[in-house]
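Beneath this line is the structure, given in structure tokens, with notes to follow.
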Amino acid sequence: MDLGDVQRDWTRLGQEDPLWAVLIKPGTKGGRWDINDFLSTGRDEVDAALEHLTRLGGMPARLDQVLDFGSGAGRLTQALAQHAGHVTGVDISPPMIETAQRIDQTDNCEFVLNQRADLAMFDDDTFDLVYSSLVLQHMPEEAAHGFLREMCRVLRPGGALVVQVATTPTRSFKGMAFKYAPKPFLRWAQTRLLGYPAPMRMQAVSDAQFTRTVADKMTVLDTVADDSYGGHWVYHRHYATKR
Ligand SMILES: C[S@@+](CC[C@H](N)C(=O)[O-])C[C@H]1O[C@@H](n2cnc3c(N)ncnc32)[C@H](O)[C@@H]1O
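What follows is the structure, given as structure tokens:
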């Protein structure tokens, strides 16, 4: 897998069923997510994460500029916009960007396409908060760590990083399949048996790997297990500030 595969798969997923591809819930396949229900899941997540960041003492004094990395249909971008002056959502998939623009109910979000393996479109020290959920798991390990380093670079000193990663498959049947089945079989099963428009590749970032990658610029404040998405993977959300 390389970023070209990620771009191709998420373009197809975004073309066919963008909201379902962002958040797979029973009864939502085939364009059946209610937009307001979809957006309220983003508000629940962001409100809880920012409350926790505040409790940790890591909330920046101002949230003028926020980056939502892997913004998809803008579910979290719009929620972040309730707390910030301006939010930039970045995604690799053109139809995801188009969907995010189409369903945007705010006047302070912007959605930009980035198909590079870095965030060179942004200067150092640009953002007060960088946020990302349900994204790094879908790209090759090397790319995930490269983007984590880039997120640290574009944060200003005193800025906060809130990033959720998949850490390990659960012991469910599908979780064990992710752990033990060959990757070509998983891609075949997702598209042929489960009817996904394209495969959704998954890979983990352990807590130790995360800490190693961000250590030279960031102080990690907390790491919290996140079971709000249930299913076949264990997720952790990391909270860190830039020194
Ligand atoms: C499961 S969706 C999550 C979207 C959003 N974060 C949310 O939770 O609502 C994953 C998103 O990550 C995007 N993505 C995957 N690799 C990316 C990359 N290298 N750069 C930017 N976006 C990426 C996909 O196109 C897709 O929109």
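For the record, in the sequence shown the residue sitting at position 218 is 239 according to our numbering, with numbers rising by one throughout.
Cβ atoms here follow ideal geometry from the backbone N, Cα and C, with glycine treated the same way.
Quantities reported herein were computed from a predicted structural model and do not represent experimental measurements.
When distances are taken from the beta-carbon of Met223 to the heavy atoms of ligand 1, even the shortest one reaches 8 Å or more.
Under a 10 Å Cβ-count criterion, Leu150 is classified as buried, with 16 or more other Cβ atoms of the shown protein chains found around its own Cβ.
Counting the other Cβ atoms within 10 Å of the Cβ of Tyr201 gives fewer than 16, which makes it exposed.
Distance from the C-beta of Ala187 to the nearest heavy atom of ligand 1 is not below 8 Å.
Taking 9 Å as the cut-off, the Cβ atoms of Tyr260 and Asp243 count as close.
Judged by DSSP in its simplified three-state form, Gln185 adopts strand. The three-state secondary structure of Lys238, taken from DSSP, is coil. Distances taken from the Cβ of Phe132 to the heavy atoms of ligand 1 include none shorter than 8 Å. Checking the 8 Å criterion, the Cβ of Gly252 is out of range of every heavy atom belonging to ligand 1. Per DSSP, the beta-bridge partners of Leu134 are Asp112. For Ala261, the enclosing beta strand (DSSP E) starts and ends at Trp254 to Lys263. The C-alpha of Arg174 is placed about 20 Å away from the C-alpha of Pro161. Only residues of its own chain outside the window of five on either side were considered, and among them Thr109, Phe148 and Val151 have a CB closer than 6 Å to the CB of Leu88, listed in chain order.
Distance from the CA atom of Val27 to the CA atom of His159, rounded to whole angstroms, is 7 Å. Non-local C-beta neighbours of Thr62 in its own chain, meaning closer than 7 Å and more than five positions away in sequence, comprise Leu44 and Arg96, ordered along the chain.
The beta carbon of Asp248 sits closer than 6 Å to no other beta carbon from its chain once the five residues preceding and following it are set aside.
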